[in-house]
Each structure stands twice: as structure tokens, then as C-alpha cells.
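The sequence shown: position 52 = 53 (this note's numbering), numbered continuously.
Heads up, the beta-carbon is just placed ideally off N, CA and C, and yes, glycines get one too.
Computed from a prediction, not measured in an experiment: that's the story for all the values here.
Just below is one structure, and these are the notes that go with it.
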Amino acid sequence: MNILLTNDDGIRSPGLLAARKALEELGKVMVVSPDREYSCIGKAITAGRVIKVRKTRMADGKLAYAVSGTPADSVLIALNKLLRRKPRLLISGINLGPNLGMDDALDSGTLGAAFEAALRGIPSIAVSYCMVRGEGEELVIDDLSAAAEVTKRLAESVLKNGMPRGVDVLSVNVPKGFRLGSTPVKVTKLSLKPYRDLHVEEDGGYIIKSWTLDVYPDDPGSDVEAVKEGALTITPIKINFPCKLKGLETILRSLQ
Numbered sequence: 002m003n004i005l006l007t008n009d010d011g012i013r014s015p016g017l018l019a020a021r022k023a024l025e026e027l028g029k030v031m032v033v034s035p036d037r038e039y040s041c042i043g044k045a046i047t048a049g050r051v052i053k054v055r056k057t058r059m060a061d062g063k064l065a066y067a068v069s070g071t072p073a074d075s076v077l078i079a080l081n082k083l084l085r086r087k088p089r090l091l092i093s094g095i096n097l098g099p100n101l102g103m104d105d106a107l108d109s110g111t112l113g114a115a116f117e118a119a120l121r122g123i124p125s126i127a128v129s130y131c132m133v134r135g136e137g138e139e140l141v142i143d144d145l146s147a148a149a150e151v152t153k154r155l156a157e158s159v160l161k162n163g164m165p166r167g168v169d170v171l172s173v174n175v176p177k178g179f180r181l182g183s184t185p186v187k188v189t190k191l192s193l194k195p196y197r198d199l200h201v202e203e204d205g206g207y208i209i210k211s212w213t214l215d216v217y218p219d220d221p222g223s224d225v226e227a228v229k230e231g232a233l234t235i236t237p238i239k240i241n242f243p244c245k246l247k248g249l250e251t252i253l254r255s256l257q
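Written as C-alpha cells, this is what we have:
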């Protein structure tokens, strides 16, 4: 098995189908995905509830596995129960919406699946298509062929050359209207600016009703800025959360 493919939009997502069709040009692809949408679930896994796995058919009739759990559950079930050998690559996506900044990196089920695989030594790429949904608008699926081609080319590069040194996950955001050879491509850093206020009042509580690029504050030099300018972004991520140990003497003294 060359490639394990999952997502957080669910087994019926057109983004998942587009990615699988493109990746099959590179080798064998196993699709193991949640049986429903699990956006904004991060790297959560299911405890205390039985996770069911069933064989199903995608829209074109090809076999896939639907998991009654999260994207990270799907990765763990695939690696520990379904696959005989570790895949050479994990692709998560194509997500129908952006994944930008540290907030999304921690919240996204798309990134959560990639992190789950990367923790187990599997090179991982999370691909997101920056279509957005506004309040009261229908979610319109644009042509995903360009995003699928990007997914295939990046996967091919990693399969051939490996990940860049020191990189565990590549988070890729493909802008609407992307065209190979004409749309700029930028290597970026995660924005560290948190979301703007996402919630609106409804029925005596609060709900997130829309998700547009406006929820991300401007942050010069970041993935957010580059996507807002119309570029495709590739953001390298290392998952060990490095932190300098110096300067902790005061903390240590408080426990002595």
C-alpha cells in the first residue's frame, strides 16, 4: 500500500473522491474516512464507544472504508487494524474550506488526521481548498481538478524524495481559481493570530453560522496573508512543539 487517504468532511465528500482519483495515478490508495463530517474535531479520538468500520462504495463504485469515528480514529483503525504494512504517505483532504493559522492547525480534523499519522513516522500532507461558506449561502462545489492535481504532484514529490528535513506535515491551501503555472506558490508560516469572534446569538445560545476568510486576522508573512492575496500556500509543520527550557528556574523554585 503506497498511500492512505482520509479526510474530515466524510466518506461522501467530492474532495475525497477527487483526491483518490488523482492519487491512483501514483500507486495503490486505501480510503479510510469518517462516515460523516467531523470538521473542527482536531486530533480527538473516540473512547467508551464502539467504532464500527464498514466497506462501502464511493460515487464511482470504488471500494472504501467508512468509520463511525473521527479522522484520527480513521487513521488509527487503518494503521492498526486494516493495513498489513505501513503506508508510505498519508493524504488528508481535499478539505472543502481553508485551514490557516495555528487556530486551524489545532482545531482541524484534516490536520488532526495528518498529525496522527505523522506521530507514527508517516509523511503526511493535509490539503485544503479555500472555498468558503457565508451565512445563508449554499455550499457550492467548484471544480476540484486543480486542487487534485496539486495533491498528486506534491504526493509524487514526497514519495520520490521524502519530506524536507525536519518537516512532519505539509499543510497546503489551494485558493479558488488556482491555475498551475500562473497562480503564485508560497512557502509560509502559520499565522499565530487567533480567530476573530466566530459566534452569533441564536435560540438563546451561540452558533458559528458562516466561515469566510474574514475570520482570520491579517498577519504579514503568514499563510493567512498569502491566501488572501490569492497564492497557494505550503506550510511546513513539525509536531514536537519545541520549547526552550531556559528561564524556567522561577517555576521550578515554586515547587521546592
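CA nearest to the CA of residue 72, picked from 84, 59, 111 and 92: Taking the first residue of the sequence shown as 1, we reach residue 72 at position 71. That would be 111, whose Cα lies nearest to the Cα of residue 72.
Neighbour-count burial assignment, residue 251, 16 or more Cβ in a 10 Å radius: Stepping through the sequence shown from its first residue, residue 251 is reached at position 250. Classification of residue 251: exposed, given that the 10 Å Cβ count is below 16.
Between the CA atoms of residue 244 and residue 16 - distance to the nearest angstrom: Residue numbering aside, residue 16 sits at position 15 when the sequence shown is read from its first letter. Residue numbering aside, residue 244 sits at position 243 when the sequence shown is read from its first letter. Each residue's alpha carbon lies about 36 Å from the other.
Residue 138 to residue 98 span [Cα, whole Å]: Against the sequence shown, residue 138 aligns to sequence position 137. Against the sequence shown, residue 98 aligns to sequence position 97. Note that residue 138 has pLDDT 49, beneath the 50 cutoff, so the model's placement of it is unreliable and the number below is only indicative. Going by the C-alpha atoms only, they are around 14 Å apart.
CA-to-CA distance, residue 53 to residue 68, given in whole angstroms: If you number the sequence shown from 1, residue 68 lands on position 67. If you number the sequence shown from 1, residue 53 lands on position 52. Residue 68 and residue 53: Cα-Cα distance of roughly 6 Å.
For residue 197, the three-state DSSP class (helix, strand or coil): The residue you call residue 197 lines up with position 196 of the sequence shown. Residue 197 falls in the coil class under three-state DSSP.
Identity of the residues DSSP links to residue 237 by a beta bridge: On the sequence shown, residue 237 is found 236 positions in, with the first residue counted as 1. In DSSP, residue 237 forms a bridge with 171.
Exposed unless 16 or more other CB atoms sit within 10 angstroms - verdict on residue 209: Counting from 1 along the sequence shown, the entry for residue 209 is found at position 208. Looking at its Cβ environment, which holds fewer than 16 other Cβ atoms inside 10 Å, residue 209 is exposed.
The stretch 165-183 / the stretch 101-120 touching (three or more Cβ pairs under 8 Å): yes
Residue 8 vs residue 28 beta-carbon contact at 8 Å: Mapped onto the sequence shown, residue 8 falls at position 7. Mapped onto the sequence shown, residue 28 falls at position 27. No. Outside cutoff.
DSSP-derived helix/strand/coil call for residue 72: Counting from 1 along the sequence shown, the entry for residue 72 is found at position 71. In this structure, residue 72 counts as helix in the three-state DSSP scheme.
Cβ separation of residue 100 and residue 129, assumed to be a contact under 8 Å, to the nearest whole Å: In the sequence shown, counting from the first residue as 1, residue 100 sits at position 99. In the sequence shown, counting from the first residue as 1, residue 129 sits at position 128. The pair is a contact, with the Cβ atoms about 4 Å apart (cut-off 8 Å).
Extent of the continuous beta strand (DSSP E) run through residue 113: For the purposes of this step, residue 113 is taken as the residue at position 112 of the sequence shown. Note, residue 113: premise wrong, no beta strand (DSSP E); alpha helix (DSSP H) at 110-119.
Terminal residues of the beta strand (DSSP E) in which residue 206 lies: The sequence position of residue 206 within the sequence shown is 205, counting from 1. Note, residue 206: beta strand (DSSP E), 206-208.
Between the CA atoms of residue 94 and residue 77 - distance to the nearest angstrom: Here residue 77 refers to the residue found at position 76 when the sequence shown is read from its first residue. Here residue 94 refers to the residue found at position 93 when the sequence shown is read from its first residue. Cα to Cα, the separation comes out at about 17 Å.
The stretch 218-229 touching the stretch 187-201, judged by at least three CB pairs closer than 8 Å: Short answer: they touch.
Any 3 or more C-beta pairs closer than 8 Å across the stretch 147-156 and the stretch 24-43: yes
Beta carbon of residue 113 nearer than 8 Å to that of residue 62: Reading the sequence shown from its first residue, position 112 is the one you call residue 113. Reading the sequence shown from its first residue, position 61 is the one you call residue 62. No, Cβ-Cβ distance for residue 113 and residue 62 is not below 8 Å.
Segments assigned beta strand (DSSP E), at least 3 residues, entirely inside the stretch 27-102: 30-35, 54-58, 64-68 and 90-97
Buried or exposed by the 16-neighbour rule on C-beta atoms within 10 Å, applied to residue 149: Counting from 1 along the sequence shown, the entry for residue 149 is found at position 148. Classification of residue 149: buried, given that the 10 Å Cβ count is 16 or more.
Among 248, 31, 227 and 255, the one whose alpha carbon lies nearest that of residue 131: Here residue 131 refers to the residue found at position 130 when the sequence shown is read from its first residue. It is 227 whose Cα lies nearest to the Cα of residue 131.
Close Cβ partners of residue 11 (< 7 Å) along its chain, the five nearest in sequence each way excluded: Locating residue 11 in the sequence shown gives position 10, where the first residue counts as 1. In chain order, 34, 35, 36, 37 and 38 place their CB closer than 7 Å to the CB of residue 11, counting only its own chain and leaving out the 5 sequence neighbours on each side.
Member of 45, 31 and 65 whose CA lies at the smallest distance from the CA of residue 13: Taking the sequence shown and counting its residues from 1, the one referred to as residue 13 is at position 12. For the residues 45, 31 and 65, the minimum Cα distance to residue 13 belongs to 65.
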